[in-house]
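Here's the structure we're looking at; comments come further down.
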Amino acid sequence: MSSSALHDRGNARVRTGRRAALVSAAVGTVAAGMVLALATAASAGTTLATAAAEKGRYFGTAVAANKLSDSTYVGILNREFDMVTPENEMKWDATEPSQGQFNYTNADRIVGHAQTNGMRVRGHALAWHSQQPGWAQNLSGSALRSAMVNHVTQVATHYRGKIHSWDVVNEAFADGGSGARRDSNLQRTGNDWIEVAFRTARTADPGAKLCYNDYNTDGQNAKSNAVYAMVSDFKARGVPIDCVGFQSHFNSASPVPADYQANLQRFANLGLDVQITELDIEGSGTAQANSFANVTKACLAVSRCTGISVWGIRDTDSWRASGTPLLFDGNGNKKAAYTATLDALNGGTTPPTSAPSTTAPPTTPPPGTGCTASLSLQTWTGGFVATVRVTAGSAGTNGWAATVTLPAGTAVTNAWNAQNSGSTGTVRFGNVAYNGQLTAGQSTEFGFQGTGTPPSDTPSCTAS
Ligand code: G3I
């Protein structure tokens with residue numbers, strides 16, 4: 362894989378705080394008196410997470426547990442991102458180093474950090490031909506199939522309620538023009554190993570979105586066509602799948618394809634979410650910045666593209682550091698690629714259908730000076746995901762808190778884009794750093810997952 366030795370010098374960007382722009386305010390005088398034209402508020406995010414959230418998307422990064430003691434790394438992580446993917450810590454070799462003996466220490470550190478800071482987690486990856494522990498590499502046939510099913514069950518159950526999306530199966534198709542499955546010990550257990558993994562994951566964690574994830578599938582080609590055929594078949598036969606992940610590792614030999622958006626769209630048209638899961642683009646300067654902007658715009662243009670994750674924070678954190686493929690330089694400074702990505706997030710126009718982020722502009726000023734909250738639910742036997750929409754009143758907010766009353770026996774297991782106090786009874790959800798400030802009439806969403814009977818009352822909301 363080619364790489365550039367040039368280091369981007371970074372582009373430290375003056376932080377100006379939250380920018381709020383009045384879109385229009387016009388006063389006209391007519392004979393009968395004054396007509397006050399509408400003043401509607403629009404805003405631009407000042408971080409990747411806030412800008413993405415205003416388009417109803419998340420913005421995530423791969424995280425390595427051993428870097429959570431690096432204050433520069435954590436400072437950027439907490440400021441810029443609202444989704445994390447453990448880079449290696451949830452893989453089979455890390456979580457089940459000996460058969461039947463599970464070690465969640467490092468993955469739990471990342472999940473704990475995410476929960477403490479109001480971020481969500483992409484789980485990566487339950488079943489993969491690579492990074493298997495030695496004992497699994499030496500298994501075959503029904504013994505390997507059973508081991509895979511047990512692994513998926515154990516890991517997905519351990520993290521039940523804490524995962525936004527799981528990469529259930531990773532990289533199962535061959536490169537090149539064959540359109541064939543990749544040969545692997547898992548593939549040799551039978552062609553149905555992928556759907557078995559998905560069914561097993563659904564049973565273990567019914568609240569997580571279940572994704573198929575791969576690379577070199579970013580444009581239309583033989584490999585992506587084969588993935589398309591498989592997920593079409595899964596949808597037709599009711600195999601539980603919710604999303605397709607496009608890793609999006611790019612460099613000069615494998616640039617962002619011209620049909621990137623069209624390829625995302627054709628998968629979305631199958632009734633699936635699409636996610637950009639491991640984005641990095643080797644290069645520097647304007648060319649790299651333009652490529653990041655193009656990827657970001659493509660996601661915003663596809664209503665079911667629900668989020669973007671980059672594969673690391675600083676160039677020096679990358680699995681291919683010499684290619685300087687990320688948004689921050691080795692010192693943690695924002696690169697031109699960062700600015701281009703943020704600007705693209707702020708310039709996009711298409712809200713997602715699955716999680717709209719903005720309401721239609723109000724025709725009258727929003728009532729009251731506090732805030733209001735509304736609740737929507739996705740439920741299944743024994744559990745639910747709640748999405749709470751907080752809307753600022755006429756004074757806007759510097760912070761807010763929504764209070765939800767839970768039925769007896771119900772408990773919150775995980776929250777995102779908000780910090781909860783308590784998990785049973787009357788639970789208060791306060792804003793996190795990036796979503797407390799709302800202009801008049803502006804909305805933001807947070808969510809939580811719970812076990813038991815879902816709440817039925819409208820949450821109350823207080824603003825500061
Ligand atoms: O932690 C050990 C260290 O103790 C040891 O001294 C060193 C010696 O080689 O290895 C270290 O582990 C390495 C690990 O990364 C942590 O740095 C492994 O050797 C190395 O194989 C591993 O590479 C990871 C790679 O997946 C393995 O396939 C990369 O970090 C990770 O970024 C990469 O991520 C993959 C995605 O999971 C799937 N898509 C492609 C993507 C990039 O390859």
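So for the sequence shown, this note's numbering puts the first residue at 362; every next one is plus one. All C-beta atoms in this analysis are idealised placements derived from N, C-alpha and C, irrespective of residue type, glycine included. Bear in mind the structure is a predicted one, so any value in this text is a computation, not a measurement.
Status (buried if at least 16 other CB within 10 Å, exposed otherwise) for residue i
{"i": "P458", "result": "exposed"}
{"i": "R750", "result": "buried"}
{"i": "R481", "result": "buried"}
{"i": "W554", "result": "buried"}
{"i": "A614", "result": "exposed"}
{"i": "S679", "result": "buried"}
{"i": "G673", "result": "buried"}
{"i": "L738", "result": "exposed"}
{"i": "A569", "result": "buried"}
{"i": "A597", "result": "exposed"}
{"i": "N630", "result": "exposed"}
{"i": "D544", "result": "exposed"}
Coarse secondary structure for residue i, derived from DSSP in three states
{"i": "T407", "result": "coil"}
{"i": "N694", "result": "coil"}
{"i": "S825", "result": "coil"}
{"i": "R543", "result": "coil"}
{"i": "S804", "result": "strand"}
{"i": "V588", "result": "helix"}
{"i": "G757", "result": "coil"}
{"i": "T401", "result": "No answer about T401 holds up, because its pLDDT of 34 lies below 50 and its placement is not dependable."}
{"i": "K658", "result": "helix"}
{"i": "T446", "result": "strand"}
{"i": "F809", "result": "strand"}
{"i": "T724", "result": "Residue placement at T724 cannot be trusted, given a pLDDT of 39 that sits under 50; what the coordinates show is reported in the next sentence. T724: coil per DSSP, three-state reduction."}
{"i": "T730", "result": "coil"}
Residue i: CB within 8 Å of a non-hydrogen atom of the ligand G3I
{"i": "W527", "result": "no"}
{"i": "W680", "result": "yes"}
{"i": "S609", "result": "no"}
{"i": "A410", "result": "no"}
{"i": "N546", "result": "no"}
{"i": "Y576", "result": "yes"}
{"i": "A414", "result": "no"}
{"i": "E448", "result": "yes"}
{"i": "E639", "result": "yes"}
{"i": "N464", "result": "no"}
From the options, residue whose alpha carbon lies closest to that of residue i
{"i": "T812", "options": "L767, A583, L799, L633", "result": "L767"}
{"i": "F809", "options": "A824, G791, Y795", "result": "G791"}
{"i": "N464", "options": "K696, R483, S782, Y520", "result": "Y520"}
{"i": "T742", "options": "E643, T564, W777", "result": "T564"}
{"i": "F807", "options": "G436, N478, G644", "result": "N478"}
{"i": "H525", "options": "G632, H485, T785, T578", "result": "H485"}
{"i": "L500", "options": "L547, A455, V516, R543", "result": "L547"}
{"i": "C822", "options": "D575, G580, A597, C732", "result": "C732"}
{"i": "C660", "options": "G760, D690, F611, F607", "result": "F607"}
{"i": "G599", "options": "E450, F559, Y795, F628", "result": "F559"}
{"i": "T819", "options": "A426, S735, A756", "result": "S735"}
{"i": "A662", "options": "D690, R675, R627, T677", "result": "R627"}
{"i": "K523", "options": "E639, M444, N427, D641", "result": "M444"}
{"i": "V605", "options": "N574, A587, Q622", "result": "N574"}
{"i": "Q780", "options": "E643, T764, P447", "result": "T764"}
{"i": "A426", "options": "A753, V472, T514", "result": "V472"}
{"i": "V730", "options": "G744, D594, S755", "result": "Correcting the residue type first, residue 730 is Thr in the shown sequence and not Val. Looking at the Cα atoms, S755 is the closest of the given residues."}
### Query
In the region 473-528, which residue ranges form an unbroken alpha helix (DSSP H) of at least 4 residues, counting only runs that do not cross its ends?
495-498, 502-519
#### Entry: Contiguous beta strand (DSSP E) assignments of at least 3 residues, all confined to the region 535-584
Qualifying beta strand (DSSP E) stretches, in chain order: 570-575.
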